[in-house]
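> Counting along the sequence shown from 1, when you hit position 102 you're at 102 in this note's numbering, and nothing is skipped either side.
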Amino acid sequence: TLSDQGSNLLIRIKIYRLLAQFYESNSRIEEAKNIISNALKYAEIYKDKNEIAKVNLIFGIVLNRLDDHKGALDKYYSAIEYLEKSNEYRSLAVAYNSVGNILFKIKDYEKAKLYYNKNLIHCQKNYSPYLPTAYLGLATLHYTHQNLDSALWYYDKSDSVMQIYSDHTRLH
1 TLSDQGSNLL IRIKIYRLLA QFYESNSRIE EAKNIISNAL KYAEIYKDKN EIAKVNLIFG
61 IVLNRLDDHK GALDKYYSAI EYLEKSNEYR SLAVAYNSVG NILFKIKDYE KAKLYYNKNL
121 IHCQKNYSPY LPTAYLGLAT LHYTHQNLDS ALWYYDKSDS VMQIYSDHTR LH
């Protein structure tokens with residue numbers, strides 16, 4: 001039936017997405033790129049915005065590993081467009097931070113700061129476990145610009161939040 005086909009397609013998309021993540025994490029980047037391309041094609045056929053956003057997020061990670069910064073940014077921006085309207089808080093934190101990191105890498109520091117700040121606000125509002133990373137991005141940015149007092153403040157915040165998360169996880 002048509003619903004079975006749709007269900008099978010969604011399963012295929014998720015499997016491709018997970019396989020691409022596996023290959024990316026094992027430095028098999030070209031294989032990850034081929035698989036995530038297929039996942040995106042199927043996600044667009046299925047018209048599931050949530051899956052399209054998640055696939056674009058992974059695609060951005062893969063393209064960044066291939067030093068295709070423009071392609072990675074395009075995928076991240078596509079993911080962010082949906083994620084800002086969804087409840088995918090963790091994915092949005094990853095996307096904001098990843099955009100900030102690429103912009104930092106290509107020395108577009110003002111835009112990097114904008115995305116690091118978006119990530120910080122997002123993480124604070126949603127009690128995200130990525131909060132230490134949000135502080136760390138801003139610390140590195142301030143350090144690069146020789147704003148040492150600010151850099152130290154952000155590094156200290158990152159460290160103290162990391163300690164809180166560490167203590168909290170040991171309690172459970």
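No residue lacks a Cβ here, since even glycine has one placed at the ideal position from N, Cα and C.
I need the DSSP call for aspartate 129, collapsed to helix, strand or coil.
It should be pointed out that residue 129 corresponds to proline in this sequence rather than to aspartate. Coil at proline 129, not helix or strand.
> Beta-carbon separation of isoleucine 35 and phenylalanine 59 under 8 Å?
Cβ atoms of isoleucine 35 and phenylalanine 59: not closer than 8 Å.
> Would a C-beta distance cut-off of 8 Å place leucine 136 and valine 94 closer than the cut-off?
No, the pair does not count as a contact, with Cβ atoms beyond the cut-off.
> Nearest CA to the CA of lysine 118: which residue from Ile106, Asp108, Ala134?
Ranking the options by Cα distance to lysine 118, first place goes to Ala134.
> Would you mind reading off the limits of the alpha helix (DSSP H) that contains isoleucine 102?
Taken as a continuous stretch (DSSP letters only), the alpha helix (DSSP H) holding isoleucine 102 covers 89–105.
> Find out if the Cβ-Cβ distance for the pair asparagine 50, glutamate 88 is shorter than 8 Å.
Yes.
> I believe isoleucine 29 touches alanine 72 by the beta-carbon criterion, under 8 Å. Please report the beta-carbon distance rounded to the nearest angstrom.
The pair is not a contact, with the Cβ atoms about 12 Å apart (cut-off 8 Å).
> Does DSSP put aspartate 85 in a helix, a strand or coil?
Before going on, a small fix: residue 85 reads as lysine here, not aspartate. Of the three classes helix, strand and coil, the one that applies to lysine 85 here is coil, per DSSP.
> In this structure, does DSSP put asparagine 147 in helix, strand or coil?
Correct three-state label for asparagine 147: coil.
> Determine the burial state of phenylalanine 22: buried for a count of at least 16 other Cβ atoms within 10 Å of its Cβ, exposed for fewer.
Exposed.
> For leucine 19, which residues in the same chain have their Cβ closer than 7 Å to its Cβ, ignoring the five residues on either side in sequence?
If we look at leucine 19 and ignore the five residues flanking it on each side, its Cβ neighbours are Ile35.
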